[in-house]
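Written out below as structure tokens is the structure these notes cover.
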Amino acid sequence: MVARMELWPGPWTAPLLLLLLLLLLLLPTLWFCAPSAKYFFKMAFYNGWILFLAVLAIPVCAVRGRNVENMKILRLMLLHIKYLYGIRVEVRGTHHFPPSQPYVVVSNHQSSLDLLGMMEVLPGRCVPIAKRELLWAGSAGLACWLAGVIFIDRKRTGDAISVMSEVAQTLLTQDVRVWVFPEGTRNHNGSMLPFKRGAFHLAVQAQVPIVPIVMSSYRDFYCKKERRFTSGRCQVRVLPPVPTEGLTPDDVPALADGVRHSMLTIFREISTDGRGGGDCLKKPGGLGEARS
Numbered sequence: 001m002v003a004r005m006e007l008w009p010g011p012w013t014a015p016l017l018l019l020l021l022l023l024l025l026l027l028p029t030l031w032f033c034a035p036s037a038k039y040f041f042k043m044a045f046y047n048g049w050i051l052f053l054a055v056l057a058i059p060v061c062a063v064r065g066r067n068v069e070n071m072k073i074l075r076l077m078l079l080h081i082k083y084l085y086g087i088r089v090e091v092r093g094t095h096h097f098p099p100s101q102p103y104v105v106v107s108n109h110q111s112s113l114d115l116l117g118m119m120e121v122l123p124g125r126c127v128p129i130a131k132r133e134l135l136w137a138g139s140a141g142l143a144c145w146l147a148g149v150i151f152i153d154r155k156r157t158g159d160a161i162s163v164m165s166e167v168a169q170t171l172l173t174q175d176v177r178v179w180v181f182p183e184g185t186r187n188h189n190g191s192m193l194p195f196k197r198g199a200f201h202l203a204v205q206a207q208v209p210i211v212p213i214v215m216s217s218y219r220d221f222y223c224k225k226e227r228r229f230t231s232g233r234c235q236v237r238v239l240p241p242v243p244t245e246g247l248t249p250d251d252v253p254a255l256a257d258g259v260r261h262s263m264l265t266i267f268r269e270i271s272t273d274g275r276g277g278g279d280c281l282k283k284p285g286g287l288g289e290a291r292s
């Protein structure tokens, strides 16, 4: 005997439909009336969308295997995200990139949104140095591995030094550039943390230039502390390369301090109010929901 399938669900249908209706009514209310809800929704979508794009990128990148050229694929797939969020990225100074030699890029680090500025200005054959935890971030970790991202366990100093030595050889033998965030962690206070010296030791060891890149303060459109994420403008400035030829490890502290000073000066200059700080306090008369 063949069982007949019920075409109309059971008694739970009405409560389920009511709950769905309430959710549909609640979401627009939260969106327009609760800025913090909008912040969490935007950040959740940002991270989820990146994971989804990584799933699409993995089979394409896998054709080459682990290769720095795969970074072009990731960059192409991520460039559109700024339009989804109404963020206008303005880049200046790309002529400062050395045309045909390895170098070390150092950049300030404010949040995961740094990815937008990085993809906008990322030079050819350039890969980031990232914390090892990213390797286990699902599809994003695998896509980064395939793109040649260099992972370092910051908790194990000996391993980090060993990896840096290998990177120095890779820079010279494979014509690779690396991107480092010398602050070591995200900084939301509207300034720059003291620089760790690993990137500068790397550049001195390989005798390659350092190219500083500064991203302006996000306080115009983003503040984690206030749970605020609107639209706005970000400036990315590529500074002239800093040579390291003839420098020794003894010169690294002065080199790091000098580069940080020049970057902090530009950061304050290009940030919204000329001060580039303030614990991401909202600027009076800011762009608010400015269009891209």
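Mind the numbering: the sequence shown is residues 1 to 292 in UniProt numbering, read in order.
Built from N, CA and C at the ideal position, the CB exists for glycine as well.
Model, not experiment: these values are computed from the prediction.
Query	Result
Host beta strand (DSSP E) of V259 (start-end)	Counting along the chain, V259 falls outside any beta strand (DSSP E), though it belongs to the alpha helix (DSSP H) covering V252 to I270.
Closest by C-alpha distance to C144, when choosing among V208, V60, S262 and L193	V60
Endpoints, alpha helix (DSSP H) assigned at V121	D114 to V121
Sub-8 Å separation of G93 and L193 beta-carbons	no
F229 versus F181: straight-line alpha-carbon distance, rounded	23 Å
Given T248 as reference, the closest of P15, Y218 and V204 once Cα atoms are compared	V204
Per DSSP, cross-strand counterpart(s) of P212	V106
Residue environment, H201, which counts as buried when at least 16 other CB atoms sit within 10 Å	buried
Beta-carbon proximity check, residue 297 vs S262, cutoff 8 Å	Past the edges of the chain, shown from 1 to 292, lies residue 297, and the structure says nothing about it.
Cβ contact check for the segment 138–152 and the segment 38–55: 3 or more pairs under 8 Å	yes
Pairwise C-alpha distance: R197 and H109	15 Å
Cut-off 6 Å between Cβ atoms - residues of its own chain near V211, not counting five sequence neighbours on either side	Y103, V105 and P241
Reduced DSSP category for residue 294 - H, G, I as helix; E, B as strand; rest coil	Because the chain in this structure spans residues 1 to 292, residue 294 falls outside the shown range and cannot be described.
Stretch-stretch touch, CB-based, cutoff 8 Å, three pairs: the segment 70–78 with the segment 218–235	no
Three-state secondary structure (DSSP) of K282	The predicted model places K282 with a pLDDT of 44, which falls under 50 and marks its position as unreliable; any figure quoted below should be read in that light. Of the three classes helix, strand and coil, the one that applies to K282 here is coil, per DSSP.
Beta-carbon spacing of C126, V178 below 8 Å	yes
Opposing strand residues paired with E245 [DSSP bridges]	Per DSSP, none; premise fails for E245.
Status (buried if at least 16 other CB within 10 Å, exposed otherwise) for D114	buried
Inter-residue spacing [alpha-carbon to alpha-carbon] between M267 and G184	The sequence shown places Phe at residue 267, rather than the Met named in the question. Those two C-alpha atoms are separated by around 18 Å.
Residues near S111 by beta carbon distance below 8 Å, same chain, minus five either side	R186, H188, Y218, Y222 and K224
Spatial neighbours of residue 341 in its chain, beta-carbon cut-off 8 Å, leaving aside the 5 residues before and after	The shown model of the chain, from 1 to 292, leaves out residue 341, and the question about it has no answer.
Close-in-space but distant-in-sequence residues of the same chain around D175 (CB under 7 Å, 5 per side omitted)	P102 and R125
Residue closest to F45, alpha-carbon to alpha-carbon, out of D153, N67, L84 and I58	L84
Helix, strand or coil at Q205 according to DSSP, with G and I counted as helix	helix
Cα-Cα separation, R260 to F195	7 Å
Residues near L281 in its chain [Cβ-Cβ closer than 6 Å; skip 5 each side]	In this prediction, L281 has a pLDDT of 48, which is less than 50 and means its spatial position is unreliable; what the coordinates show is noted afterwards. Within the same chain, L281 has no close Cβ partners at all.
8 Å contact criterion, which residue 328 and V236 should meet: CB distance rounded	This structure leaves residue 328 out entirely; the chain is present only between 1 and 292.
Coil, strand or helix - V176 by DSSP	coil
Residue of T244, A256, E269 and R66 minimising C-alpha distance to A147	R66
Sequence-distant residues of its chain with Cβ nearer than 8 Å to R227 (five each side left out)	P35, S36, Y39 and F40
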